[in-house]
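Colleague:
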Amino acid sequence: MRHDLRWKVWLIFIVAVVFAFLIHPTTGGKIFKTDPLRLGLDFKGGIELTLEPDYRLGANYLAQLQTQLLTKLRQANIPEPTVGFIGTIDNNRYEGLRLVFDNASNLERASNLKIFTSTYKFESFGETKNLIFESETKGNVLELKVKQNKQDFPGDALERAKSVIANRINEKSAGMAEAEVRIEPQKERINVQLPGLKSLEQAQEIIITTARLTFRINNQIVLDGTDLTVEGVNFDQTKGGYAIHFSMKGNSAKVLAKITADNVGKNMAVYLDENELMNPRIESALPDGSGVITLGDAPKSEVDRYALLMKSGSLPISLRVIQSNQVAPTLGSETVKTGLIASIIGVIMVILFMLLFYGLPGLLADAALIIYATLVLGVMVVFRGVLTLPGLAGFILGIGMAVDANVIIFERIKDELRNGKRLRAAVEGGFHRAFTAILDSNLTTLIAAVVLLFYGTGPIQGFAVTLVISVLVSMFTAIFVTRVFIDWKIDNDPDRYAKQFGFKEVEG
Amino acid sequence: MDLIKYRWYFIGFFILTMVLSIVFLYVNPYNQWGKQGSAFNLGIDFTGGSRIKYPIPSQYIQEHKEVTSDEVAAVLQSLTIPDFKFNQPQPAQNPDATGVIRHFVLINTSFLNNTEQGIVIKALEDKFGASEGFEITRIDPLVGKELVENGVMAMIIASLLMVIYIWFRFELVSGIAAIVALLHDCLLVLSLFAFFGIEVNANIIAVLLTILGYSINDTIVIFDRIRENLKYRPKEISFAEIANDSILQTFRRSLNTGFTTIFATMLLYILVPNVRELCFGLLVGITAGTYSSIFVASPIWAVYKDWQENKKAARKLANATTR
Numbered sequence: 040m041r042h043d044l045r046w047k048v049w050l051i052f053i054v055a056v057v058f059a060f061l062i063h064p065t066t067g068g069k070i071f072k073t074d075p076l077r078l079g080l081d082f083k084g085g086i087e088l089t090l091e092p093d094y095r096l097g098a099n100y101l102a103q104l105q106t107q108l109l110t111k112l113r114q115a116n117i118p119e120p121t122v123g124f125i126g127t128i129d130n131n132r133y134e135g136l137r138l139v140f141d142n143a144s145n146l147e148r149a150s151n152l153k154i155f156t157s158t159y160k161f162e163s164f165g166e167t168k169n170l171i172f173e174s175e176t177k178g179n180v181l182e183l184k185v186k187q188n189k190q191d192f193p194g195d196a197l198e199r200a201k202s203v204i205a206n207r208i209n210e211k212s213a214g215m216a217e218a219e220v221r222i223e224p225q226k227e228r229i230n231v232q233l234p235g236l237k238s239l240e241q242a243q244e245i246i247i248t249t250a251r252l253t254f255r256i257n258n259q260i261v262l263d264g265t266d267l268t269v270e271g272v273n274f275d276q277t278k279g280g281y282a283i284h285f286s287m288k289g290n291s292a293k294v295l296a297k298i299t300a301d302n303v304g305k306n307m308a309v310y311l312d313e314n315e316l317m318n319p320r321i322e323s324a325l326p327d328g329s330g331v332i333t334l335g336d337a338p339k340s341e342v343d344r345y346a347l348l349m350k351s352g353s354l355p356i357s358l359r360v361i362q363s364n365q366v367a368p369t370l371g372s373e374t375v376k377t378g379l380i381a382s383i384i385g386v387i388m389v390i391l392f393m394l395l396f397y398g399l400p401g402l403l404a405d406a407a408l409i410i411y412a413t414l415v416l417g418v419m420v421v422f423r424g425v426l427t428l429p430g431l432a433g434f435i436l437g438i439g440m441a442v443d444a445n446v447i448i449f450e451r452i453k454d455e456l457r458n459g460k461r462l463r464a465a466v467e468g469g470f471h472r473a474f475t476a477i478l479d480s481n482l483t484t485l486i487a488a489v490v491l492l493f494y495g496t497g498p499i500q501g502f503a504v505t506l507v508i509s510v511l512v513s514m515f516t517a518i519f520v521t522r523v524f525i526d527w528k529i530d531n532d533p534d535r536y537a538k539q540f541g542f543k544e545v546e547g
Numbered sequence: 008m009d010l011i012k013y014r015w016y017f018i019g020f021f022i023l024t025m026v027l028s029i030v031f032l033y034v035n036p037y038n039q040w041g042k043q044g045s046a047f048n049l050g051i052d053f054t055g056g057s058r059i060k061y062p063i064p065s066q067y068i069q070e071h072k073e074v075t076s077d078e079v080a081a082v083l084q085s086l087t088i089p090d091f092k093f094n095q096p097q098p099a100q101n102p103d104a105t106g107v108i109r110h111f112v113l114i115n116t117s118f119l120n121n122t123e124q125g126i127v128i129k130a131l132e133d134k135f136g137a138s139e140g141f142e143i144t145r146i147d148p149l150v151g152k153e154l155v156e157n158g159v160m161a162m163i164i165a166s167l168l169m170v171i172y173i174w175f176r177f178e179l180v181s182g183i184a185a186i187v188a189l190l191h192d193c194l195l196v197l198s199l200f201a202f203f204g205i206e207v208n209a210n211i212i213a214v215l216l217t218i219l220g221y222s223i224n225d226t227i228v229i230f231d232r233i234r235e236n237l238k239y240r241p242k243e244i245s246f247a248e249i250a251n252d253s254i255l256q257t258f259r260r261s262l263n264t265g266f267t268t269i270f271a272t273m274l275l276y277i278l279v280p281n282v283r284e285l286c287f288g289l290l291v292g293i294t295a296g297t298y299s300s301i302f303v304a305s306p307i308w309a310v311y312k313d314w315q316e317n318k319k320a321a322r323k324l325a326n327a328t329t330r
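Residue numbers (the working numbering), protein chains in the order written: chain G, 40 to 547; chain U, 8 to 330.
Next comes the structure, spelled out in structure tokens:
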């Protein structure tokens with residue numbers, strides 16, 4: 040046997056075995072501490088959420104804004120329009136205001152006041168909010184979309200929100216090693232993936248609590264819940280009811296101490312997003328930043344719920360769900376079956392086809408194909424890629440390309456044999472001549488796949504990742520592995536195998 | 008066999024297909040020839056909204072035999088959610104992995120926030136009984152718009168880069184011919200989806216991408232043969248003949264690869280019901296991809312090259328006579 044062939048066969052064999060060990064759940068599981076191949080939501084079931092900061096105004100702020108704007112119109116002697124909120128109710132926030140004037144000319148007069156221009160300084164309840172207006176007029180109707188400028192919020196708000204959510208998930212659900220919380224690059228969005236979630240209710244808790252908790256005295260925000268810890272709920276003998284114990288850390292503790300000292304006897308409302316949770320009276324100052332809220336004779340379950348809401352509302356910014364996907368775990372496992380059936384059918388079809396049409400070389404290509412599958416999955420495992428359904432499509436497309444490359448090569452070898460070459464020279468020439476076709480067709484596909492990797496979102500990216508890996512690996516197996524196998528097989532007595540490469544047409 | 012002899016017929020047929028495809032993108036039976044709304048049956052992936060797949064508990068089925076669309080619609084009608092819109096609910100049934108028939112209902116609505124989603128699920132639970140394993144997808148209209156924009160952007164950039172690559176490795180006209188063939192395949196698939204009113208969701212992007220890869224691949228293999236044959240071209244052989252030879256030499260490969268892929272996709276189409284729309288797109292696209300590399304890309308290349316050479320020859324002749 041040729042010397043280089045021997046080590047090449049060994050090399051392929053060793054690489055394949057190592058990858059097979061990495062993929063196998065028991066051996067690979069020991070190395071990666073979890074399932075070696077990470078499956079996406081569509082396979083495992085679970086929940087995916089995309090959250091975006093909510094810059095819309097709460098209903099009470101909008102009402103105040105409405106009053107301010109109407110006052111300005113009145114001062115300019117413009118007949119008062121009827122005003123309503125636009126957008127559907129969502130966390131007690133709305134998109135903005137709809138002003139219906141009695142006729143279009145009054146609307147025009149109002150527009151000329153330039154109060155509906157792009158920015159607006161909004162003084163309310165003792166604080167200033169910078170608002171961004173977006174107005175659209177239709178006949179006598181002016182739709183004013185209102186958003187708070189994101190500059191009003193701390194720059195690291197999103198980063199902090201992300202870590203709060205991540206902590207919360209870790210607390211709530213032990214064993215969800217694959218939960219993932221990340222900020223989508225370039226976009227101000229948080230993406231939460233909770234694969235393999237046992238019950239949807241667990242996630243529901245996380246979903247409903249994407250709000251910001253604030254403490255308000257006379258409608259004015261005095262403190263938010265970022266540094267809040269809810270210690271627990273117990274029965275308070277002296278008051279005869281259940282009480283929520285809480286404490287503040289760091290600067291918030293000092294702020295709380297001062298506020299409570301200044302406002303003894305007043306009520307301090309607790310708001311979750313724009314909804315009032317409770318409105319307890321400050322009975323005494325809280326010098327060390329910790330305190331107790333009692334809720335009269337409310338049953339324990341209700342007090343527990345309030346405690347949970349307080350606990351979970353400690354985000355520095357309110358978030359709203361702009362995209363969510365809940366896949367039941369049972370449905371996930373059905374998708375696994377469907378996907379598996381699909382890929383197995385595909386692979387068997389291809390293997391049979393190669394065997395039927397190309398005989399011995401087809402068999403060798405089939406062996407190379409199995410190595411292809413091992414390598415692609417192995418690369419996914421090593422780079423901790425996530426396999427999704429579109430990803431599986433990319434994988435199968437890759438199989439197609441690997442087979443296509445072999446078909447091109449074998450047809451070329453036949454051509455060479457027809458031209459009167461002996462088998463060894465024909466194999467040499469066939470591979471050589473097929474190379475440019477394979478290279479060019481694979482590289483164009485690779486270009487497309489890489490573009491998708493950068494531009495795609497979610498499912499498209501999953502497709503692109505496996506396609507990139509598949510194209511690279513399939514080029515390697517089709518050109519190198521099949522070649523080594525064929526050279527190795529025909530090494531001793533090449534011409535004995537000529538018939539099996541389709542030489543008979545010419546012979547006969 | 009001389010296929011390229013009929014090149015003008017192929018090009019004519021190609022133009023006809025393209026014109027029909029483009030027409031169907033605007034008017035088709037789905038939108039009643041332009042009288043009604045969108046030409047596409049757009050899913051919530053593009054329009055934004057919520058999609059609920061609610062399995063009907065087996066107990067309810069035992070007692071009532073089936074669930075009708077109107078029953079579900081009545082439940083939704085009774086809800087007080089501002090600006091709430093929903094499509095006619097679609098009851099359906101499917102065998103699960105163990106072969107048991109599962110009843111479920113598909114409901115597409117306007118985008119629901121957390122509270123509203125809770126209200127809908129509660130109402131369904133009250134009527135049909137608590138159900139395990141419902142699926143909810145919701146997409147903000149903004150995200151749907153982004154999906155389209157990103158998808159289109161990716162296709163355009165990928166196509167441009169591929170033309171540049173083919174230009175570099177072959178010639179510019181090859182690149183353009185390949186992209187024209189690709190456009191033909193994608194338009195055909197899109198127009199058929201529109202024509203039959205098949206729901207267009209995020210999967211369509213995966214379909215178009217797969218076709219993009221497949222179609223270009225197929226064309227490149229023929230162009231590679233053409234490139235090789237050009238090296239040994241005697242002067243009297245026209246480009247049309249070169250194209251013809253190259254097509255015939257790669258014919259067996261085109262058929263083998265095409266048929267295996269189509270056959271495998273067909274099997275999937277029959278065996279796996281929930282990927283049927285996706286497979287339909289792939290079937291059309293792959294067939295079109297195999298067809299278009301032979302009957303669209305190659306004739307365009309041959310016609311252009313021969314035209315260019317005739318022009319050159321004519322100019323030479325003109326120069327010779329004036330001199």
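Don't be surprised by glycine CBs; every beta carbon is placed ideally from N, CA and C.
The model shown is predicted, which means the values in this text are computed figures rather than measured ones.
In chain order, which alpha helix (DSSP H) runs of at least 4 residues are fully inside the region 111-171 of chain U?
Modeller: 121-135
Colleague: Provide the residue span of the beta strand (DSSP E) that contains G/V54, from first to last.
Modeller: Indexing the first sequence from 1 puts residue 54 of chain G at position 15. G/V54 -> not in any beta strand (DSSP E); alpha helix (DSSP H) instead, spanning 42-62.
Colleague: Give me the chain U residues within the contact set of G/E450, using Cβ-Cβ distance strictly less than 7 Å, ordered along the chain.
Modeller: Translated into the one-based positions of the first sequence, residue 450 of chain G becomes position 411. Contact of G/E450 with chain U by beta-carbon distance below 7 Å involves R259, R260.
Colleague: At a Cβ threshold of 7 Å, is G/Y494 touching chain U?
Modeller: Within the first sequence, the letter at position 455 stands for residue 494 of chain G. Yes, contact with chain U.
Colleague: Between U/N345 and chain G, is the shortest Cβ-Cβ distance under 7 Å, so that the two count as touching?
Modeller: Since the displayed chain U opens at 8 and closes at 330, residue 345 of chain U lies outside it and no answer follows.
Colleague: Please return the same chain residues whose Cβ sits closer than 7 Å to the Cβ of G/A488, not counting the five positions on each side in sequence.
Modeller: The sequence position of residue 488 of chain G within the first sequence is 449, counting from 1. Taken in chain order, the residues that qualify are A503, L506, V507, V510.
Colleague: Measure from the alpha carbon of G/P429 to the alpha carbon of each residue in G/L112, G/S480, G/Q500, G/V389, then state which is nearest.
Modeller: As a working note, residue 429 of chain G is residue 390 in the first sequence. The shortest Cα separation from G/P429 among G/L112, G/S480, G/Q500, G/V389 belongs to G/Q500.
Colleague: Three Cβ pairs or more, each shorter than 8 Å: is that satisfied between the region 413-420 of chain G and the region 54-66 of chain G?
Modeller: yes
Colleague: What residue does the beta strand (DSSP E) around G/P92 start on, and which one ends it?
Modeller: Position 53 of the first sequence, counted from the start, is the residue given in the question as residue 92 of chain G. Residues 85-92.
Colleague: Quick one: is U/V74 buried, meaning 16 or more other Cβ sit within 10 Å of its Cβ, or exposed?
Modeller: Stepping through the second sequence from its first residue, residue 74 of chain U is reached at position 67. Buried: at least 16 other Cβ atoms inside 10 Å.
Colleague: May I ask you to list the residues that DSSP assigns as paired with G/N273?
Modeller: As a first step, residue 273 of chain G must be located in the first sequence, where it is residue number 234. According to DSSP, which records beta bridges pairwise, G/N273 is partnered with G/A282.
Colleague: By the DSSP assignment, the alpha helix (DSSP H) with G/R251 in it spans what residues?
Modeller: On the first sequence, position 212 is the one that residue 251 of chain G refers to. Counting along the chain, G/R251 falls outside any alpha helix (DSSP H), and DSSP gives it neither H nor E.
Colleague: Compute every distance between the C-beta of U/L190 and the non-hydrogen atoms of the ligand GTP, then say whether any falls below 6 Å.
Modeller: This structure does not include the ligand GTP; it has no bound ligands of any sort.
Colleague: At the 7 Å Cβ level, is U/I212 part of the contact set with chain G, yes or no?
Modeller: By one-based count along the second sequence, residue 212 of chain U stands at place 205. Judged by the 7 Å Cβ criterion, U/I212 is in contact with chain G.
Colleague: Going along the chain, which residues of its own chain have a beta-carbon closer than 8 Å to the beta-carbon of G/K305, five neighbours each way excluded?
Modeller: Position 266 of the first sequence, counted from the first residue, corresponds to residue 305 of chain G. Answer for G/K305: I256, N257, R320, I321, listed in chain order.
Colleague: If you run the structure through DSSP and keep just helix, strand and coil, what is U/Y239?
Modeller: If you number the second sequence from 1, residue 239 of chain U lands on position 232. The answer is coil: DSSP assigns U/Y239 none of H, G, I, E or B.
Colleague: Opposite G/T167 in the DSSP bridges: which residues?
Modeller: For the purposes of this step, residue 167 of chain G is taken as the residue at position 128 of the first sequence. Answer is G/E162.
Colleague: Quick test of your reading: G/L426 and G/L76, contact by CB under 8 Å. State the CB separation rounded to the nearest angstrom.
Modeller: The residue you call residue 426 of chain G lines up with position 387 of the first sequence. The residue you call residue 76 of chain G lines up with position 37 of the first sequence. Contact holds; Cβ gap of about 6 Å.
Colleague: Given a cut-off of 7 Å, decide if G/L403 and G/I525 are closer than it, judged by their beta-carbon atoms.
Modeller: By 1-based counting over the first sequence, the position of residue 525 of chain G is 486. By 1-based counting over the first sequence, the position of residue 403 of chain G is 364. Result yes, Cβ atoms of G/I525 and G/L403 sit closer than 7 Å.
Colleague: Using a 10 Å radius around the Cβ and a threshold of 16 neighbouring Cβ atoms, would you call G/I209 buried or exposed?
Modeller: Locating residue 209 of chain G in the first sequence gives position 170, where the first residue counts as 1. The question names Ile, but residue 209 of chain G in the sequence shown is Asn. Per the 10 Å Cβ criterion, exposed.
Colleague: Please report whether the beta-carbon of G/F502 lies at a distance below 7 Å from any beta-carbon of chain U.
Modeller: The residue given as residue 502 of chain G occupies position 463 in the first sequence. Yes, because at least one Cβ of chain U sits closer than 7 Å to the Cβ of G/F502.
Colleague: If you measure from the beta carbon of G/N364 to each beta carbon in chain B, is any gap under 7 Å?
Modeller: Of the protein chains in the structure, G and U, none is chain B.
Colleague: Report buried or exposed for G/L379, applying the criterion of at least 16 other Cβ atoms within 10 angstroms of its Cβ.
Modeller: Here residue 379 of chain G corresponds to residue number 340 of the first sequence, with the count starting at 1. With fewer than 16 other Cβ atoms within 10 Å, it is exposed.
Colleague: Beta strand (DSSP E) containing G/D263: first to last residue?
Modeller: Taking the first sequence and counting its residues from 1, one reaches residue 263 of chain G at position 224. It spans 259-263 - the beta strand (DSSP E) in which G/D263 sits, taken as one unbroken run.
Colleague: Along the alpha helix (DSSP H) that carries U/F80, what are the first and last residues, could you check?
Modeller: Locating residue 80 of chain U in the second sequence gives position 73, where the first residue counts as 1. The sequence given here places Ala at residue 80 of chain U; Phe does not occur at that position. Per DSSP, U/A80 belongs to the alpha helix (DSSP H) from 76-84.
Colleague: Can you tell which of G/G68, G/Y281, G/A476, G/D263 has the C-alpha that lies nearest to the C-alpha of G/K293?
Modeller: Indexing the first sequence from 1 puts residue 293 of chain G at position 254. When G/G68, G/Y281, G/A476, G/D263 are compared, the shortest CA-CA separation from G/K293 is found for G/D263.
Colleague: When you compare each of G/N131, G/N99, G/T377, G/N531 to G/L431 by their alpha carbons, which one comes out closest?
Modeller: For the purposes of this step, residue 431 of chain G is taken as the residue at position 392 of the first sequence. Closest option to G/L431, Cα to Cα, is G/T377.
Colleague: Name the residue from U/A304, U/Y16, U/V310, U/V26 whose alpha carbon lies nearest to the alpha carbon of U/G182.
Modeller: As a first step, residue 182 of chain U must be located in the second sequence, where it is residue number 175. U/G182 has its Cα closest to that of U/A304, out of U/A304, U/Y16, U/V310, U/V26.
Colleague: Threshold first: 4 residues or longer. Then list the alpha helix (DSSP H) segments lying entirely within the region 327-378 of chain G, N to C.
Modeller: DSSP runs (the alpha helix (DSSP H)) wholly in the region 327-378 of chain G: 339-351.
Colleague: Hey, quick one: how far does the alpha helix (DSSP H) through G/P429 stretch, first residue to last?
Modeller: Working through the first sequence from its first residue, we reach residue 429 of chain G at position 390. Start and end: 428-457.
Colleague: Go to G/L108, then tell me how far its alpha helix (DSSP H) extends in each direction, as first and last residue.
Modeller: Position 69 of the first sequence holds residue 108 of chain G. Segment 98-114, the alpha helix (DSSP H) holding G/L108.
Colleague: Can you give me the C-alpha to C-alpha distance between U/D231 and G/F392, rounded to a whole angstrom?
Modeller: Residue numbering aside, residue 231 of chain U sits at position 224 when the second sequence is read from its first letter. Residue numbering aside, residue 392 of chain G sits at position 353 when the first sequence is read from its first letter. Answer to the nearest angstrom: the Cα atoms are 25 Å apart.
Colleague: I want to verify the contact list: residues of chain G whose CB lies under 7 Å from the CB of U/D147, in sequence order.
Modeller: Within the second sequence, residue 147 of chain U is the residue found at index 140, counting from 1. Within chain G, the residues near U/D147 are I361, Q362.
Colleague: Going along the chain, which residues of its own chain have a beta-carbon closer than 6 Å to the beta-carbon of G/V269, five neighbours each way excluded?
Modeller: Position 230 of the first sequence, counted from the first residue, corresponds to residue 269 of chain G. Correct list, in chain order: F285, A346, M349, K350.
Colleague: Looking at U/A161: is its Cβ nearer than 7 Å to the Cβ of G/L491?
Modeller: What you label residue 161 of chain U is simply residue 154 of the second sequence in a count that begins at 1. What you label residue 491 of chain G is simply residue 452 of the first sequence in a count that begins at 1. In this structure, G/L491 lies closer than 7 Å to U/A161 by Cβ.
Colleague: When the Cα atoms are used, what is the spatial distance from G/G385 to G/L90?
Modeller: Stepping through the first sequence from its first residue, residue 385 of chain G is reached at position 346. Stepping through the first sequence from its first residue, residue 90 of chain G is reached at position 51. Cα to Cα, the separation comes out at about 38 Å.
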